[in-house]
Amino acid sequence: MSEIRETIVNITDKVETTDENLIVYSKPSQIKEVAKLLVMQGARFAHLTAIDFINQKNQIELNYFFSLIDDSMNVIVKIPLEASELSISSISEIIPAVIWSERECNDLFGINFEGHPDPRRLVLPDNWPQEVHPLRKNFSYNSKPPESKQPAPLKKPEEGKTVIPIGPFYPSLEEPAYFRLIVDGEEIADFDYRGFYVHRGIEKLAESVLNYQQIPFLAERICGICGFVHSCAYCQAVEKAAGIEIPLRAKFIRSLFLELERLHSHLLWVGLAAHIVGFDTLFMQAWRIREPVMYICEIITGNRKTYGINIVGGVTIDVHNQHLKDIDKVISQIEKEVRELREIILDDEVIQLRFKNVGVLKYDDAKKYCVCGPVARGSGINIDMRTNFPYAAYPMLNIRIPLNKSGDVWARTIVRLEEILISINIIRQILENIPEGPTSIKISKIEPWKEAVSYIEAPRGQLFHYVMTGPEGRPHRWSVRAPSYQNYQALSVMLKGASIADAPLIIGSIDPCFSCTERYEIVDLKTNSIKVYTAEELKNV
Amino acid sequence: MFKSKIKALLLSSRHKKITRPYPFVPVTPPENLRGRLEVDPNKCIGCGNCVRTCPSRLITIENYKDERIVMFSSGRCIYCGRCAAACPEKAICITHEYELATDNKKDLEITIKIKMVKCIVCGKPFTSLNMLNKQIERLQDKSEEQINKLKICAECKRKGNV
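For the protein sequence lines, the chains are L and C, in the order given. The numbers in the numbering used here rise by one with no breaks, and the one at position 315 of the first sequence is 1479. The numbers in the numbering used here rise by one with no breaks, and the one at position 93 of the second sequence is 258.
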């Protein structure tokens, strides 16, 4: 930590240290040096986002977020860009994981990244006009710019290779995404992704209409499976920024629901993975085992999913002793059945043949693309936000992190199965140690221009929320980076060299969550450009 | 290989049918379920706390002639229950009713009208009758003079002071 500080001071303008952030102020010309230095010191790239200060000081500020896993510290590199010259050199050669974030900043803020290997659109629809950037403050949340007709730029296959389109309506996951597999015979040579069809304009809505206490409910709707992690991460970020300490009981209740959510999310994934390889008995059994978790959540919060209990300052419900007893009963039953399920999967030769040595992501590649969650742990990277950046009640709990070095789909399956059992163990610890007391505190006015980063270990990996408080009773900037956002970018490595038949399984193995990844959209995509393209490609095939 | 298949067979044969026969057999909702909203027009004082807390921004308050109209367009409701928690008079109540499918949007709309009180100086309606009664109730000194003070709108009070 201090080492980084000392070396970075030499090449930047100013360095500030707060409790858990190291804030580095730098010039646009220095970004490559700073990035090189941070990577050399072992910092892990988390996200890149911009903040619009055009009304305040005629600048757009770029924020590069890095995390120092061993020190539990964030490094925020702040680079102001004058509104007249929104251009900076891309750091994608140094950190490949930044590619999507840079494309996103280009779309939403209109920042030009020089030397970017793939400067196509990522987030905005094809019919969105070129010079309109929706996350700038001068763009009103409810305005609808005129449509522009542009062909969607897609990767052209090389001579002799064909394209197999999967999607936009994907067969095994009920969300739209368009995968283009460029194949050479049976083998996948390259991969192109066009997604963000479910981009809903959530960040824009929060930054322009809602207030602090309304956003948790919007945040929870980012994802249909792991929504609680989003509302939790948002509330934590605001609480950190405003310096609010929530009651201990509220922290335990948050941890409890985070673990219950991991339980049902992983069981859902096990079912889906079995479904993809055609083992439907297992699919139905995994989902049956999952069901009691949903019932117990419904009994406690009133909802099976999207509990709606998080607010800034704590939680709105209390958990009674009878509920704790019920949870204990449910998890004991699930533990027994998951052990059976695990035996069935581990002994099954057909599953082994389909899962082993498929979609391999080596340790170095996993590091390079900054993947997170079970995908990273399946490649042998020891990273878990619950221990690296402890939040909620996790500092008081004992957590074991399962690791597997082989990096294939099989490794990710084993890691997830193990995590279900670890989650059950954590829930037991929570049930034993949950303290008495209030569940929320009243919050007073939140000071503007304070910022905070909050991490949560979502079922799919490291979730990142950033909040900068604003003067109007709502965040000036709220940025979300879902775990699948990083994991997607590593898909091209996993898919290269695999056979077409394995593609759905490999895509499924990162447990992709499109809604999480594609948080915010304003206009729905009604052009038929996708259909035209698919038809053309089908002809080629 | 066969061992694992036999285990799978045993696991699935242990449970016959777990799908609930809903809607043929009704399901009792859990105690904390947040369902349809119910608003008591007699209790509402038209303070607007619910308007500020509603995440889906579906509650509107408008003054029309001598009435204050509070409208809940519950078609957009996410059933978070924040309005009920914010209501100082407990006028909003969350019921257990969850079968709300309808082909008529109006079924989900709740409109309540609250009587307004006219300012005794300028004659403009300025507060709701329920709110005024509440304020009078809270007065320690219930003299005619104090009560009349409450019946003057903020604007006239300011003018009077000047």
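C-beta: ideal position from N, C-alpha, C; glycine also.
At the level of alpha carbons, what is the spacing between residue i and residue j?
i                       : j                       : result
residue 1185 of chain L : residue 1239 of chain L : 6 Å
residue 1675 of chain L : residue 1433 of chain L : 7 Å
residue 1366 of chain L : residue 1289 of chain L : 16 Å
residue 201 of chain C  : residue 192 of chain C  : 16 Å
residue 1355 of chain L : residue 1241 of chain L : 32 Å
residue 1407 of chain L : residue 1607 of chain L : 10 Å
residue 1684 of chain L : residue 1285 of chain L : Low confidence applies here, because residue 1684 of chain L scores a pLDDT of 37, under 50, leaving its location unreliable; read the following figure in that light. Roughly 15 Å separates the two Cα atoms.
residue 1193 of chain L : residue 1202 of chain L : 16 Å
residue 1585 of chain L : residue 263 of chain C  : 34 Å
residue 1662 of chain L : residue 1341 of chain L : 20 Å
residue 1476 of chain L : residue 1399 of chain L : 5 Å
residue 1227 of chain L : residue 1209 of chain L : 12 Å
residue 1368 of chain L : residue 276 of chain C  : 30 Å
Taking its Cβ as the centre, do 16 or more other Cβ atoms sit within 10 Å of residue i, making it buried, or is it exposed?
i                       : result
residue 1626 of chain L : buried
residue 230 of chain C  : exposed
residue 1613 of chain L : exposed
residue 1640 of chain L : buried
residue 1211 of chain L : buried
residue 1666 of chain L : buried
residue 175 of chain C  : exposed
residue 1677 of chain L : buried
residue 1425 of chain L : buried
residue 1333 of chain L : exposed
residue 1538 of chain L : buried
residue 1597 of chain L : exposed
residue 1562 of chain L : exposed
residue 1601 of chain L : exposed
Can you give me the start and stop residues for the alpha helix (DSSP H) that residue i sits inside?
i                       : result
residue 1542 of chain L : 1537–1542
residue 1268 of chain L : 1263–1273
residue 1435 of chain L : 1412–1440
residue 1629 of chain L : Element bounds for residue 1629 of chain L: not the alpha helix (DSSP H) but the beta strand (DSSP E), 1625–1633.
residue 1551 of chain L : 1549–1552
residue 1527 of chain L : 1527–1532
residue 1451 of chain L : 1444–1465
residue 1176 of chain L : Residue 1176 of chain L -> no alpha helix (DSSP H), and no H or E assigned at all.
residue 178 of chain C  : 167–178
How far does the beta strand (DSSP E) with residue i in it reach, from first residue to last?
i                       : result
residue 1581 of chain L : Unbroken run through residue 1581 of chain L is the alpha helix (DSSP H), 1573–1597; no beta strand (DSSP E).
residue 1217 of chain L : 1208–1217
residue 202 of chain C  : 202–204
residue 1353 of chain L : 1351–1358
Which same chain residues, not among the five before or five after residue i, have their C-beta less than 7 Å away from its C-beta?
i                       : result
residue 299 of chain C  : 210
residue 1287 of chain L : 1268, 1271, 1272, 1360, 1363
residue 1256 of chain L : 1262, 1263, 1266, 1280, 1281
residue 1217 of chain L : 1223, 1224, 1225
residue 254 of chain C  : 208, 209, 210
residue 1219 of chain L : 1301
residue 260 of chain C  : 200, 201, 203
residue 1506 of chain L : 1581
residue 241 of chain C  : 221, 223
I'd like the list of long-range same chain contacts for residue i, defined as Cβ closer than 8 Å, with 5 residues on each side in sequence excluded.
i                       : result
residue 1719 of chain L : For residue 1719 of chain L there is no data in the structure shown, the boundaries of chain L being 1165 and 1705.
residue 1495 of chain L : 1427, 1588, 1591, 1592
residue 1179 of chain L : 1169, 1172, 1173, 1186, 1187, 1188, 1189
residue 1508 of chain L : 1446
residue 1167 of chain L : 1205
residue 1502 of chain L : 1431, 1453, 1581, 1584, 1585, 1588
residue 301 of chain C  : 307, 312, 315
Please work out which residues of its chain come closer than 6 Å, Cβ to Cβ, to residue i, disregarding the five sequence neighbours upstream and downstream, and give them in chain order.
i                       : result
residue 1401 of chain L : 1616, 1618, 1629, 1631
residue 233 of chain C  : 211, 279, 281, 293
residue 1197 of chain L : 1175
residue 1397 of chain L : 1618, 1620, 1627, 1629
residue 1307 of chain L : none
Q: Flag this pair as touching only if the region 204–214 of chain C and the region 1539–1551 of chain L have three or more C-beta atom pairs under 8 Å; answer yes or no.
A: In this structure the region 204–214 of chain C does not lie against the region 1539–1551 of chain L, because fewer than three pairs of beta carbons, one per stretch, are closer than 8 Å.
**Q.** Stretch-stretch touch, CB-based, cutoff 8 Å, three pairs: the region 1416–1435 of chain L with the region 1450–1458 of chain L
**A.** Yes: the two stretches touch, three or more of their Cβ pairs being nearer than 8 Å.
Q. Of the residues that make up the region 184–204 of chain C, which ones have a beta carbon closer than 8 Å to any beta carbon in chain B?
A. No chain B appears in this structure, whose protein chains are L and C.
Q | At least 3 beta-carbon pairs within less than 8 Å: the region 1437–1447 of chain L vs the region 1375–1385 of chain L | A | Output reads no: the region 1375–1385 of chain L does not touch the region 1437–1447 of chain L.
Q: Tell me, please, whether the region 1337–1355 of chain L touches the region 1320–1328 of chain L by the rule of three or more beta-carbon pairs shorter than 8 Å.
A: Here the region 1337–1355 of chain L lies against the region 1320–1328 of chain L, with 3 or more beta-carbon pairs under 8 Å apart.
Q) Does the count of Cβ pairs from the region 1654–1666 of chain L and the region 1519–1530 of chain L closer than 8 Å reach three? A) Contact holds: three or more Cβ-Cβ distances are below 8 Å.
Q) Do the region 1569–1576 of chain L and the region 1294–1311 of chain L touch if we need at least three Cβ pairs shorter than 8 Å? A) No: fewer than three Cβ pairs fall under 8 Å.
Q. How do the region 178–196 of chain C and the region 213–230 of chain C stand: do at least 3 beta-carbon pairs fall below 8 Å, yes or no?
A. Touching, no.
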